[in-house]
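What follows is a short report on a single structure.
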Amino acid sequence: MVKISSLTLCAAGAAAVQALECHPGGPLLPRPRRIEKLDAVRNALANLTLTLDNAFEGEIRAGFNVENTSISVGLVSFDQAEPSVPVWEYHRLSPANVRGTKHIDRHSQYLIGSVTKAISDAILLRHNLNLDDPITKYIPALADKSSLINWENITLGALAGQVAGVVPNYGFSEYFYLKDWLETLGFPHIENSSYPECGVVALNGPCDKEQLLKGMLLSNPIAPPYARPVYSNVAFTLLMYALGSVTNQTIAQLFDDITVPLGMTSTRSSPGDEPLAVIPPVDNSWGADFGENVPGGGLVSTLADLSAFVHAILSRNPVLGTETQIRAWMQPGAFTGSPGSTVGSPWEIYRPAPSVLFPSGGGHTVTILSKDGASYGYHARISLLDEYGLGIMVLTAGDQSALGAVLNAVASTVIPAVDAGAREQAKSLYVGRFGKKPPPPAAASVTKQAQSRDKTKNSVDDEEIAIEATTEIDGESLKVTRLTRDGKDILGGLEEVWAATAGQFLPAELLNLTGVWRLYPAEIVRQRERVVGGNGGETEKVGIVEEDWRLAWGVRVSENGNPNSDLPGGVIEAGDCLLWTLADWLYYGQESVDRFVFVKDGKTGRVLGLEVPFLRSGLMEAAD
C-alpha cells in the first residue's frame, strides 16, 4: 500500500483582515521584482501622478506654497535596469524661479543638506575602519587633557551613529546679526571677542581644520557617549579627518571613493553648477561654501545620483562593502524619546503603526530607514524600505513643508501597492500543491541503494508528499494549511509536541495558538546544480536555487495581560511577541522542524518543487 504525505499552503481568507503583528523579524515575503510591471504598482503610480498634478495645479490643497516650490521625486527598486534611472519619477519647477535651470529633470541639482551624512557613513563603511577605535587614534590633537570632552572615550562608531554626545556645530550655531535683537529681549551685552573666531554667521569666515579642532577642545559635552542620540554635524567632519589621516586623501577625494564608482557625476561639495541648479525664489543657501562642514551637510546632488546611491544599498553593491556589512549598517543603534523611532548610522528609523500605511486593514509594521537633510530653502530625504527592496527620494526647493506632504503622499500610495505586488508575485511562484510520487517498482531497489549513499537526503521512496499553497493580499504571509504524512496531520502533531516540550519554559501566550502556520523567507539562498525529473520520466542536470523558508505558528497576542492574575502591572508586556526567540528550536534527527526549502530554476526563477527536510521528503514537484 502506498503511504501518502501531503502539505497544503495558503494565506488567510479575506474575512479576517487584521494586521499581522506577531511574526519573526524580517520580511513576510520575498522582495517583489520589476515592480514597475506589476498592475497594483502601475495603477498606484498613475493615481499618484494625477494627485500630485492636481495639487500643483490648485485642484486640491497641497498644504504648501506650490508657486514657490520645486520638487523632484523618485522610486528606486533593487533590481531596476539602470541604477541612476528611477522606476518612476515626478518633477515640478516653480514658475517663480528666476535663477538656475529652466528645465527640471533627474539631472537637476539640489542642495541635499544632511542627506550628505549617509554618503559620509558609506565612505566609512567602504574603508572598513574599526568602529570601536577612539577618534584620538586618528586625530591625536583631540587627546588634549584640557579638553572639556574626553575624546578618548569617543569612538568612530559613536560619531557615525549620532551617539557620541558631542556638539552639533562649532561657530555656525551663532548668529551675529541677531545680537542687537537678543539684547532687547534681555540677553546681556557681550563683546565681539566673546564669539568664536570662525564660523559665526555675519561675523567671520568659515573655520579651517585647525580652528575647528581647537573649538572641539573648548566645547562642552552634551551627553555621555551612547547615553542617548545627539544630532551632530561636526561629528562627520571628524570622521573624514580620521579617514584622511589613514588614506592621505582630502575630503573631496574621499567622497570620490563613493561617487565615482557609482557614477554619481553631479554629487559634489557646494557650490554646484548654477545652470543645472534648482534655485528657489526664497531665502536659500545655493552657492554657499560649507568649508570643513561639508561631510555633515554640504553636498549638492541630483535625483539620478541619489537613485544610484540608494540602489547600491538595496542591491548590496560591493562598492559599499560586503552584504553583511551593509546589513549591519542598516540596523538601529539607539532609541529616541518617541515609541516608533530609533537612530542608526546615520539613519532616522521609523516604524509606523500598520493602520497608517494600510488604512483599509491588514498589513504589518514596516521599517523605514530615512535620512533627512535641510539647508536654507532646501529640504531632501531618502527613505529605504529594505524588505521590499524599495527606496523613495524627495528633493524640494522652496517651501520646506513640501517634503513632508509629498513624501507622505508617495509612501501611503506606493507602499500598499508594492506590498500587494509582492503577494501577487508570491502567489504565482509559491502557491500551489506539491507532491512526490513513488518510483516505479523496477526502480525501487536502485533508488534505495542510491539513497543509502545519500545520508544527508535520507528520502523515503515509497511516500508521496503533496503540498498546496494559496496567498491573499491582506497583510498575511504564505500559510501552511495542511501537512500530512502517511495520512497523519503533522501540523496537529507539532502543536502537541510544542506543548509537551516547550510548555514548561515558554510564556503562555506563545502556546495560545491560532491553528495557523506560516512560512517566512529566511533570506538564505544557495545556488547549485541538481538532477531533476525522474518518477518514470527523463532526468536532467540543471542549475537551481534553493531558498530556505522558516515555519512559525500564529499566536493570539493578548493586549490585556494575564486574565488569571490579580497582580498589578500585568499589561506592561502585553502585545509583545517573542516568536523571534524560537527559530530553529525543535529538531528531529538533526533536521529542524521549521525549515522548508523551495527549489527554483536557476535561469527562469520558476519554482520546481519544495522540500521538507525533517520529513525526509526529497524534492516534491509542483502538482498540475
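For the sequence shown, the positions run -19 to -1, 1 to 605 when mature numbering (1 follows the signal peptide of the UniProt record, and there is no 0) is used.
For each residue, glycine too, the CB sits at the ideal point set by N, CA and C.
- Checking the DSSP bridge columns, you'll see Tyr568 partnered with Ser573.
- DSSP places Trp530 in the uninterrupted beta strand (DSSP E) bounded by 520 to 536.
- Apart from sequence neighbours up to five positions away, the residues of its chain that approach Val79 with a beta-carbon distance below 7 Å are Pro262, ordered along the chain.
- 7 Å or more divides the Cβ of Pro11 from the Cβ of Leu560.
- If you look at Glu602, you'll find it in the beta strand (DSSP E) that goes 601 to 603.
- Partner residues in the beta bridge of Gly590, as assigned by DSSP, are Val580, Glu602.
- The DSSP-derived three-state label of Ala315 is strand.
- Contact between Val578 and Cys3 is ruled out by a C-beta separation of about 24 Å, above the 8 Å threshold.
- Here the alpha carbon of Ser573 sits roughly 10 Å from the alpha carbon of Val593.
- Listed in chain order, the non-local C-beta contacts of Arg14 below 6 Å within the same chain comprise Asp60, local neighbours out to five positions each way being set aside.
- If you draw a straight line from the Cα of Leu600 to the Cα of Leu56, it is about 38 Å long.
- Under a 10 Å Cβ-count criterion, Pro210 is classified as buried, with 16 or more other Cβ atoms of the shown protein chains found around its own Cβ.
- Using a C-beta cut-off of 8 Å, the segment 367 to 383 makes contact with the segment 43 to 58, since at least three inter-stretch Cβ pairs fall below that distance.
- Look at Thr240 here: in three-state DSSP terms it is helix.
- Residue state for Lys469 is assigned as strand, using DSSP reduced to three classes.
- Non-local C-beta neighbours of Ala25 in its own chain, meaning closer than 7 Å and more than five positions away in sequence, comprise Thr394, Val395, Ala398, ordered along the chain.
- Counting the other CB atoms within 10 Å of its CB gives Arg531 a total of 16 or more, which places it among the buried residues.
- DSSP links Ile330 through a beta bridge to Thr323, Leu350.
- Taking C-alpha positions only, Val580 is separated from Thr305 by approximately 24 Å.
- In this structure, Gln90 and Gly253 form a Cβ contact; the two beta carbons are roughly 4 Å apart against a cut-off of 8 Å.
- If you keep only unbroken beta strand (DSSP E) runs of at least 3 residues inside the segment 14 to 93, you get 51 to 58, 69 to 73.
- In this structure, DSSP gives His170 a state outside helix and strand, which the three-state scheme calls coil.
- For Glu504, the secondary structure class from DSSP, reduced to helix, strand or coil, is strand.
- One alpha carbon belongs to Glu504, the other to Lys126, and they sit about 49 Å apart.
- Looking at the backbone, the Cα of Met245 and that of Ser175 are separated by about 42 Å.
- Per DSSP, Met374 is one residue of the beta strand (DSSP E) stretching across 371 to 378.
- For Glu510, DSSP records a beta bridge to Gly524.
- Taking a 10 Å sphere around the C-beta of Ala27, we find fewer than 16 other C-beta atoms and assign the residue as exposed.
- Between the segment 582 to 591 and the segment 517 to 528 there are three or more inter-stretch CB-CB distances shorter than 8 Å, so the stretches are counted as touching.
- Bounds of the beta strand (DSSP E) holding Arg362 are 359 to 366.
- DSSP, reduced to helix, strand and coil, places Leu129 outside both helices and strands of the structure shown, so it counts as coil.
- Under the 10 Å beta carbon count, Gln406 is surrounded by 16 or more other beta carbons and is classified as buried.
- One thing to note: Ala21 has its Cβ within 7 Å of the Cβ of Gly402.
- Sequence-distant partners of Leu140 (beyond 5 residues in either direction) whose C-beta falls short of 7 Å from its own C-beta, in its chain, are Ile116, Ala216, Leu219, Leu220.
- Comparing C-alpha distances from Thr562 to each of Ala533, Gln571, Asp547 shows the shortest one belongs to Ala533.
- The criterion of a C-beta distance shorter than 7 Å is not satisfied by Ala269 and Gly81.
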